[in-house]
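In my numbering, the protein residues as written are 126 to 753.
Just so you know, even glycine gets a beta-carbon here, dropped at the ideal spot from N, CA and C.
Here the structure is laid out as structure tokens; the discussion comes afterwards.
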């Protein structure tokens, strides 16, 4: 009977997304023609209790994999934010998902149907967990509360008030009598699940706690610390037992094997370590990831470990031998910047990890992956003739690549921090870079020589607005004589225009009231637009600096702006995951594009203006069809 139910489940889920067959087309928003990437993996991965499915929470929804083939069988969408946690009920019939949109959703794990949405939290929901019999779901939120829900009805049962700042996670003991939570204050709190009373606090970690797990018999609680290893506790008495891997830093996740004999830990050094629970003896290391190991879980029979990494892969391992069995690809980390090649055939994406991907802009297949060993890429751009790809990193360097071969041929180095933004002049003779301070550098990309430095002073101490990527704060005029620059300094909300030949500042455009995150010239050079954290897009006469009008439809800060090649459309993206299209001549609003689940980091038109590409913190690039 169990085999029949499993086959039925797989058939039903496969049918749920049977058309189209390409997973990149599943759940596409209206107006989008292609998705690049499956989204940033944003939650702990989970096996179903029977081991037939693997659930992966991502920036765009929950991916379900058939564990016989490890192929995608469904994408469950509906949250308006990324997935922070997933959990199966003990009988495997229900899947719960928590999201940054402040809600929890319950799904039929067999059909993929949405059952109900649980609302009540007032901030991000970071973690969910079922009790032993699946009748109660607990949710932990950054609103400093834990809520208990009746899973059959969706009724809210109880709220556990706490002074724990931004509760990081939650776990039920196997018998369901105890609830454990951990927080950014480096403590673990134990609760009576029946009464909601907190009865014990476990203290001892000296750094952030990143994960906790109960052993299957409930007699041990393991907690991973960012800098102080893995501590084992007796949850019944609160007694500290011992530490595994003392001196081992960067613990990201811990998980017990189903029989409790082995504890696995994922680390920021890209490795997985296995430990004998009873003795604390280190057993072996599983190596192969090229990024932090953020999530690990054992298969229900204990023979395999599945791990998820910031390198964008999910890996399957043989526990007995430590051998890698399979790699699932396609998930991306946060997208920082995107760029089309001059012929429109290739799209480059730079992600928070240390990779740049070159995609076929028509089919969505990956042509090449460019890797940098030590730093993450913030910005990427093709030279006007397409012979060169430039990328800016957070390690004082700009890398120049041959996009046909993927080989790096030059590194430009500055001595003053990361480079957030880069821009080529229209003839490709000059590359400008800005690293977040009050200095812009101009380079000869063919020789690597630094041509000159542009510098400005501010009267106030800098107040920096944090941005995960500020990739479009530089723009050359089409004739290459003028460079426009923005700033992430809240004390200096201005646009500056520079004479490229002399390095002199020619004009300051004032009017924004917050950091200027993006600037762009119209193709004919007559107009300059600027986007700001003050929620506005401002249109300026590029010759005189005179303000023309202000576009005020956005409800959050502008993160990226772009002109269409014909100059008739202006696109603007914001921190609310919204893209607006405007008539660039009149300022009239034309269209709103919704589809990302987190803020827009980069938008760019392809060379003929038929496609708009958008990169997002959700870990995807969407290609929007503007031709129809």
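Boundaries of the beta strand (DSSP E) in which residue i is found, first to last residue
i: residue 655; result: 652-657
i: residue 407; result: 407-412
i: residue 377; result: 376-381
i: residue 425; result: Counting along the chain, residue 425 falls outside any beta strand (DSSP E), and DSSP gives it neither H nor E.
i: residue 530; result: Looking at the DSSP string, residue 530 is not in any beta strand (DSSP E), and its letter there is neither H nor E.
i: residue 620; result: 620-624
i: residue 479; result: Unbroken run through residue 479: none, as it is neither H nor E.
i: residue 630; result: 630-634
i: residue 303; result: 303-307
i: residue 281; result: 281-286
i: residue 458; result: Careful: residue 458 lies outside any beta strand (DSSP E) and carries neither H nor E.
i: residue 298; result: Taken as a continuous stretch (DSSP letters only), residue 298 belongs to no beta strand (DSSP E), as it is neither H nor E.
Residue i burial status per 10 Å Cβ neighbour count (16 or more: buried)
i: residue 414; result: buried
i: residue 429; result: buried
i: residue 674; result: exposed
i: residue 398; result: buried
i: residue 738; result: buried
i: residue 244; result: exposed
i: residue 146; result: exposed
i: residue 507; result: buried
i: residue 360; result: buried
i: residue 534; result: exposed
i: residue 171; result: buried
i: residue 451; result: exposed
i: residue 732; result: exposed
i: residue 406; result: exposed
i: residue 708; result: exposed
i: residue 337; result: buried
i: residue 705; result: buried
i: residue 371; result: exposed
Whether residue i touches residue j by CB criterion (9 Å)
i: residue 682; j: residue 658; result: yes
i: residue 306; j: residue 287; result: yes
i: residue 425; j: residue 174; result: yes
i: residue 210; j: residue 235; result: no
i: residue 660; j: residue 677; result: yes
i: residue 231; j: residue 262; result: yes
i: residue 616; j: residue 599; result: no
i: residue 392; j: residue 418; result: yes
i: residue 517; j: residue 545; result: yes
i: residue 378; j: residue 335; result: yes
i: residue 380; j: residue 423; result: yes
i: residue 721; j: residue 741; result: yes
i: residue 205; j: residue 456; result: no
Bridge-paired residues (DSSP) for residue i
i: residue 401; result: 387
i: residue 524; result: 516 and 536
i: residue 327; result: 313
i: residue 165; result: Answer is none; residue 165 lacks a bridge partner.
i: residue 741; result: 725
i: residue 122; result: Absent from the structure is residue 122, since the part of the chain shown begins at 126 and ends at 753.
i: residue 440; result: 432 and 452
i: residue 672; result: 665
i: residue 275; result: 261
Whole-angstrom distance between residue j and residue i, CA atom to CA atom
i: residue 656; j: residue 723; result: 18 Å
i: residue 274; j: residue 462; result: 40 Å
i: residue 591; j: residue 614; result: Confidence in residue 591 is poor, its pLDDT being 42 and thus under 50, which makes the residue's placement too unreliable to answer from.
i: residue 812; j: residue 198; result: Because the chain is modelled from 126 through 753, residue 812 falls outside the range shown and cannot be assessed.
i: residue 221; j: residue 320; result: 23 Å
i: residue 169; j: residue 651; result: 50 Å
i: residue 529; j: residue 512; result: 8 Å
i: residue 488; j: residue 470; result: 10 Å
i: residue 701; j: residue 680; result: 7 Å
i: residue 280; j: residue 202; result: 23 Å
i: residue 158; j: residue 248; result: 33 Å
i: residue 716; j: residue 688; result: 15 Å
i: residue 272; j: residue 293; result: 14 Å
i: residue 427; j: residue 326; result: 31 Å
i: residue 726; j: residue 670; result: 27 Å
i: residue 750; j: residue 736; result: 5 Å
i: residue 691; j: residue 729; result: 13 Å
i: residue 357; j: residue 308; result: 17 Å
i: residue 207; j: residue 349; result: 24 Å
i: residue 752; j: residue 200; result: 27 Å
i: residue 746; j: residue 453; result: 19 Å
i: residue 374; j: residue 695; result: 47 Å
i: residue 552; j: residue 605; result: 7 Å
Distance cut-off 8 Å: residue i Cβ against heavy atoms of the ligand MG
i: residue 415; result: Ligands displayed in this structure: none; no statement on the ligand MG is therefore possible.
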